[in-house]
Amino acid sequence: MPVKAEKLVAVKGMNDILPPDSARWEWLEGQVRELMARYAYGNIRTPILEPTALFVRGLGEVTDIVEKEMYSFEDKLNGEKLTLRPEATAGVVRAVVEHNLLYEGGKRLYYMGPMFRHERPQRGRYRQFHQIGAEALGFAGAEVDAELILLAHALWQQLGLEDVQLQLNSLGQPDERRLHRAALIAYFEQHADQLDEDARRRLHLNPLRILDTKNPAMQSLVADAPKLLDFLGEASLAHFNRVREILDANDVRYQINPRLVRGMDYYNLTVFEFVTTRLGSQGTICGGGRYDYLIEQIGGKPSPAVGWALGVERVLELLKEQGAELSATDLDVYAVIPEVQALPVAMQCIQSLRRAGVRVQMHAGTGEAMGSMKSQFKRADASGAHYALIFGADELAQHEVTVKSLRDGAGNQTRYSLNQPSEWASHLQSRT
Ligand code: ATP
Ligand code: MG
21 MPVKAEKLVA
31 VKGMNDILPP
41 DSARWEWLEG
51 QVRELMARYA
61 YGNIRTPILE
71 PTALFVRGLG
81 EVTDIVEKEM
91 YSFEDKLNGE
101 KLTLRPEATA
111 GVVRAVVEHN
121 LLYEGGKRLY
131 YMGPMFRHER
141 PQRGRYRQFH
151 QIGAEALGFA
161 GAEVDAELIL
171 LAHALWQQLG
181 LEDVQLQLNS
191 LGQPDERRLH
201 RAALIAYFEQ
211 HADQLDEDAR
221 RRLHLNPLRI
231 LDTKNPAMQS
241 LVADAPKLLD
251 FLGEASLAHF
261 NRVREILDAN
271 DVRYQINPRL
281 VRGMDYYNLT
291 VFEFVTTRLG
301 SQGTICGGGR
311 YDYLIEQIGG
321 KPSPAVGWAL
331 GVERVLELLK
341 EQGAELSATD
351 LDVYAVIPEV
361 QALPVAMQCI
371 QSLRRAGVRV
381 QMHAGTGEAM
391 GSMKSQFKRA
401 DASGAHYALI
411 FGADELAQHE
421 VTVKSLRDGA
431 GNQTRYSLNQ
441 PSEWASHLQS
451 RT
């Protein structure tokens, strides 16, 4: 007798997505595909593994992600330094540069897929999670910032999401950031006793990051820190105001949040987040902004860009929290097949019905036997199907099949010919 093997379980913070829950994922992905097509965003699929240097250079060395959250390792075979992508913008930019996608103008792209961050798992925060993102590369104008915000806003409306607020800020340009940075360092130095360890370390490396702290003890200190908005020059303010005008004209409400800095170094000018109060402390469902210097930083010809990413788990959780029912896609038919001899004819019929668009679950036996009629009907009832198809010996002798209603008008029976199942297939999709 072999020793019973020890059970293996998934890596902590990484979830299996199982039916029926996976239907919600597919539904959301379908909604997104359809919406992206209406905004003329094309799908891009980049590798999950990228060179570690891409993220270190792209996101900034002094960021939570690069300092603490990346799954990085050396390839055993060739020593390459690799990282499971913690976000997708850097990879999209790498691909756009590598394939020279901007040679004839801007590109609008979207992606969906898993991301990896070594964080403390909790509700709305996982080590493998999923993002859907949209990026517009090669466009400098505020109208594209606004288009992306309108796109996200339209998605919430299409999904029926409630209680989502838009927060908006401008991070200005590097020279404006430098002035603000000096003021910020002076301010935090005055209050050095209130800084936590992370903040003390970042004070001279990357003081803006201190504003992004999640430490509750530092919130009031951060709230009174010098605001970047007060350091913006004319051009940056004009860009910000243009975005606001377009949002106003489209009745998209927002709050200006001068503390909003985002977690990556690559942002400038417009930054935004969509937040909800319904998900506890993991309330940000989507974040984004302009990143006009990233393409250059990753080795491309300097080109402006803007984008956002949403957290799929958080969006689905919010929908669930609201009690949103996913309109179920019911099974039409459960096929009851009492004898193995009936299988060839039965499955020929089932295949015709499926080709005609009917959703059919076929009874499958155990070993040589198909199981008793009684046990098959039990399964048919449990399946939620609207009809049972019975391929009994009587029926087959007459080259027919019995259709029995399982739900509305339960028990009603009709017989149909096996000659042309496509002729009566539509009866199995009717619900009266
Ligand atoms: P947070 O402040 O919650 O850590 P973030 O600023 O690190 O978020 P981004 O890098 O901007 O997040 O990613 C965009 C979105 O992806 C977030 O708004 C969130 O919805 C989702 N997200 C980020 N990290 C996780 C995670 N570990 N688990 C689940 N969703 C996440
Ligand atoms: Mg984070």
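Each step along the sequence shown adds one to the number in my numbering, with nothing skipped, and position 165 is 185. Glycine included, every Cβ here is placed at the ideal spot set by N, Cα and C.
The criterion of a C-beta distance shorter than 8 Å is satisfied by Val378 and Leu448. Within the same chain, Cβ atoms closer than 6 Å to the Cβ of Asn235 are found at Asp216, the five residues on either side in sequence being excluded. Residue pairing for Ala408: DSSP places it in a beta bridge opposite Tyr354, Lys424. In this structure, Glu155 lies away from Thr83, with their beta-carbon atoms at least 8 Å apart.
Between Val423 and Leu438 a beta carbon distance of about 12 Å is seen, past the 8 Å cut, so the two are scored as non-contacting. For Asn270, the secondary structure class from DSSP, reduced to helix, strand or coil, is coil. Judged by beta-carbon spacing, Leu339 lies within the 8 Å limit of Leu181, meaning their Cβ atoms are closer than that value. Note that the C-beta distance between Ser372 and Ser442 is below 8 Å. Between the ligand MG and Asp285, a heavy atom-to-CB distance of less than 7 Å is absent.
Taking 7 Å as the cut-off, the C-beta of Asp95 does not count as close to any heavy atom of the ligand MG. Assignment of beta-bridge partners to Arg128 by DSSP yields Ala156. Here the alpha carbon of Arg53 sits roughly 45 Å from the alpha carbon of Phe208. For the pair Val112 and Leu129, the CB atoms are nearer than the 8 Å cut-off.
Taking Leu223 as the centre and dropping the five residues before and after it, the same chain places the C-beta of Phe208 closer than 6 Å to its C-beta, in chain order.
If you draw a straight line from the Cα of Ala166 to the Cα of Leu267, it is about 7 Å long. Beta-bridge annotation (DSSP): Val291 is paired with Asn189, Gly309. Per DSSP, the beta-bridge partners of Ala329 are Gly153, Gly307. With respect to the C-alpha of Glu87, the residue from Phe75, Gly387, Glu94, Met390 having the closest C-alpha is Phe75. When DSSP reads this structure, Glu94 sits in a beta bridge with Lys101. For the pair Arg197 and Glu81, the Cα-to-Cα distance works out to about 18 Å. Beta-bridge partners assigned by DSSP to Ser437: Glu420.
With fewer than 16 other Cβ atoms from the protein chains shown falling within 10 Å of its own Cβ, Lys27 counts as exposed. In this structure, Pro324 sits near Ala160, with a CB-CB distance shorter than 8 Å. At a threshold of 7 Å, Gly331 counts as near the ligand ATP, since its beta carbon sits closer than that to one of the ligand's heavy atoms.
In the three-state reduction of the DSSP assignment, Met367 falls in the helix class, which pools H, G and I. With a threshold of 7 Å, the Cβ atom of Thr83 does not count as near the ligand ATP, since no heavy atom of the ligand is closer than that.
The three-state reading of DSSP puts Asn63 in strand, counting E and B together. Leaving aside the five residues that flank Lys247 on each side, the residues in its chain whose CB is nearer than 6 Å to its CB run, in chain order, Pro278. Taken atom to atom, the span from the alpha-carbon of His419 to that of Leu104 is near 57 Å. Here the region 130 to 148 lies against the region 52 to 68, with 3 or more beta-carbon pairs under 8 Å apart. Taking Gly319 as the centre and dropping the five residues before and after it, the same chain places the C-beta of Val117 closer than 7 Å to its C-beta, in chain order. Under the DSSP definition of a beta bridge, Gly133 partners with Gln151. In this chain, the alpha helix (DSSP H) harbouring Val164 covers 162 to 179.
A contact between stretches requires three or more CB pairs, one per stretch, nearer than 8 Å, and the region 281 to 290 meets this requirement with the region 303 to 319. With the rule of 3 Cβ pairs closer than 8 Å, the region 188 to 207 counts as touching the region 257 to 272. Taking the Cα positions, Ile357 is about 11 Å away from Pro364.
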